[in-house]
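Enquirer: Taking the numbering used here, the leading residue of the sequence shown gets 38, the next gets one more, and so forth.
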Amino acid sequence: MTGPVTGRATGRTGWVVRPMRAEDVPLAERLSAEAFLELDVRQRRADLPPPVIRSERHASGWVRRTHHLLETDPGGCWVVEGDEGLVGMATSLVREVTWCLATYAVRPGHQGRGIGRALLEAALAHGRGCTRAMLSSSADPLAARRYRLAGFSLHPQMFLTGTVDRTAIPVDTGEKVREGAEADRELMDSLDRRTRGSAHGPDHAHLLAEHRLLVSDTTTGSGYAYVDGGSVLLLAADNRRTAARLLWAALADSSGVVTQPHLTDANQWALDVGLGARLALHTEGYLALRGMKPPAPYVHHGALQ
């Protein structure tokens with residue numbers, strides 16, 4: 038999409054889709070937080086943990102990531118502006134042959150007016166020519182319908198949560214795992230291409246600045262994982278044994294309740310690790326894919342995929 042798209046919401050209230058600007062980012066963060074909290078509360082099941090309350094740490098990380106995407110992919114970042122200010126936003130990125138939807142939200146009370154469809158069309162246009170596409174979807178039926186109609190296959194996501202049984206941690210955990218660094222970029226890009234078909238490229242610089250990096254690189258296999266608070270945020274490996282070693286290393290550093298999201302059926306090794314650690318297994322949301330199968334051994338990032 039090369040220019041703004043105008044539309045009509047309801048009655049005499051109009052809106053316009055336009056490229057996101059740097060000054061929009063704080064407002065977009067609050068809009069996204071409101072939309073996801075409203076969805077979380079509306080669809081909350083009794084067997085799931087309570088909604089995650091927006092924290093300043095999470096908000097500041099969201100803002101830094103979005104500024105990063107504005108720098109790397111200005112053509113993939115859009116907002117919808119109406120008489121009430123921002124009512125929708127979407128950020129997306131292209132890495133080699135893969136398009137990813139990072140964040141996508143419509144302000145509560147404004148759904149069903151064509152805003153979400155216009156935003157998704159603008160973001161998808163950024164990936165014109167890509168042969169692969171990925172996004173992590175909530176369990177919202179309207180969102181799932183929109184992605185399916187856009188040609189995505191929907192793969193249910195699972196997550197593990199609970200307190201790690203310390204007696205279940207293998208005694209050799211960490212022996213073949215080291216702290217990662219900038220010098221591992223080439224290795225990580227290579228593993229990305231093997232698992233999901235495209236390197237994360239410039240996203241590694243952002244992730245390195247934000248999170249701890251663990252690397253396992255031995256004669257029997259290689260892999261890496263970005264971790265935070267005992268949870269893996271992104272993991273790629275060339276075999277299941279190496280992937281499991283990295284996930285165990287992350288869980289070994291956890292304290293209290295830990296949640297490991299974004300697990301697909303293609304990554305049964307991760308379920309084996311989590312269940313072995315006595316964590317509880319749940320399902321929520323989808324990994325939506327186009328032109329590709331669920332990557333493995335791989336744990337996708339919630340925004341950078």
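All C-beta atoms in this analysis are idealised placements derived from N, C-alpha and C, irrespective of residue type, glycine included.
Helix, strand or coil, according to DSSP, for V53 in the structure here?
Expert: V53 falls in the strand class under three-state DSSP.
Enquirer: Could you compute how far the alpha carbon of D177 sits from the alpha carbon of E321?
Expert: Rounded to whole angstroms, D177 to E321 spans 10 Å at the Cα level.
Enquirer: Would you decide whether G40 is buried or exposed? Buried here means 16 or more other CB atoms lie within 10 Å of its CB.
Expert: At G40 the pLDDT is 34, less than 50, meaning the model places this residue with poor confidence and gives no usable figure here.
Enquirer: Give the secondary structure of G153 by DSSP, where H, G and I count as helix, E and B as strand, and everything else as coil.
Expert: Helix at G153.
Enquirer: Between A303 and the rest of its own chain, which residues show a CB-CB distance below 6 Å, the 5 nearest in sequence each way excluded?
Expert: Excluding positions up to five away in sequence, the list reads P331 and A333.
Enquirer: Kindly identify the DSSP beta-bridge partner or partners of M225.
Expert: In the DSSP output, where bridge partners are listed per residue, M225 has none listed.
Enquirer: For Q194, does the three-state DSSP call read helix, strand or coil?
Expert: Note: Q194 maps to strand in three-state DSSP.
Enquirer: Along the chain, where does the alpha helix (DSSP H) that runs through R94 open and close?
Expert: Note, R94: alpha helix (DSSP H), E93 to T109.
Enquirer: Around the Cβ of R94, are there at least 16 other Cβ atoms within 10 angstroms (buried) or fewer (exposed)?
Expert: Label assigned to R94: exposed.
Enquirer: Quick one: using the 10 Å Cβ neighbour count with 16 as the cut-off for buried, is T128 buried or exposed?
Expert: The residue in question, T128, is buried, as its Cβ has 16 or more Cβ neighbours within 10 Å.
Enquirer: Quick check: what's the CA-CA separation for F196 versus T301?
Expert: Spanning the two alpha carbons is a distance of roughly 9 Å.
Enquirer: How many angstroms separate the CA atom of C114 from the CA atom of G151?
Expert: In a straight line, the C-alpha of C114 is about 18 Å away from that of G151.
Enquirer: For the candidate residues D275, A246 and H241, whose alpha-carbon lies nearest to that of T256?
Expert: Of the candidates D275, A246 and H241, the one whose C-alpha sits nearest the C-alpha of T256 is D275.
Enquirer: Going by DSSP in three states, H319 sits in which element: helix, strand or coil?
Expert: Residue state, collapsed to three classes: strand.
Enquirer: Can you give me the C-alpha to C-alpha distance between M329 and E66, rounded to a whole angstrom?
Expert: In a straight line, the C-alpha of M329 is about 30 Å away from that of E66.
Enquirer: For D61 and W285, what's the separation of their Cα atoms in angstroms?
Expert: Looking at the two C-alpha atoms, the distance is approximately 39 Å.
Enquirer: Using C-beta distances below 8 Å, list every residue in its chain close to H248, excluding the 5 sequence neighbours before and after it, in chain order.
Expert: Only Y263, V264, D265 and L270 meet the Cβ criterion.
Enquirer: Can you round the beta-carbon distance between G260 and L228 to whole angstroms, since I take them to be within the 8 Å contact cut?
Expert: Indeed they touch by this definition, with Cβ atoms about 6 Å apart.
Enquirer: Among the residues of its own chain, which have a CB less than 6 Å from the CB of P239, if the five just before and after it don't count?
Expert: Here the set comprises T109.
Enquirer: Anyone know if the C-beta pair for A340 and Y184 falls short of 9 Å?
Expert: No; because the gap between Cβ atoms is not below 9 Å, this pair is not in contact.
Enquirer: Please return the same chain residues whose Cβ sits closer than 6 Å to the Cβ of H337, not counting the five positions on each side in sequence.
Expert: Excluding sequence neighbours, H337 sits near H299.
Enquirer: By the 10 Å Cβ neighbour count, where 16 or more other Cβ atoms means buried, how is A220 classified, buried or exposed?
Expert: By the neighbour-count rule (16 or more Cβ atoms within 10 Å), A220 is not buried but exposed.
Enquirer: Could you check what DSSP says for V295 in three-state terms: helix, strand or coil?
Expert: Note: V295 maps to strand in three-state DSSP.
Enquirer: Give the DSSP-derived three-state secondary structure of D120 in the structure shown.
Expert: Reduced to three states, the DSSP call for D120 is coil.
Enquirer: Once DSSP output is grouped into helix, strand and coil, what is the label at T232?
Expert: Three-state result, T232: helix.
Enquirer: So what does M126 bridge to, in DSSP terms?
Expert: Per DSSP, V116 and A142.
Enquirer: Would you list the one or two residues that DSSP bridges to G260?
Expert: Answer is S253 and A274, bridged to G260.
Enquirer: With which residues is L324 paired in a DSSP beta bridge?
Expert: In DSSP, L324 forms a bridge with S173 and H192.
Enquirer: Drop a sphere of 10 angstroms on the beta-carbon of V294, count the other beta-carbons inside from all chains shown, and report buried for 16 or more, exposed for fewer.
Expert: Flag for V294 reads exposed.
Enquirer: Go ahead and label S268 buried or exposed: buried means 16 or more other beta carbons lie within 10 angstroms of its beta carbon, across all protein chains shown.
Expert: Buried, because 16 or more other Cβ atoms sit within 10 Å of the Cβ of S268.
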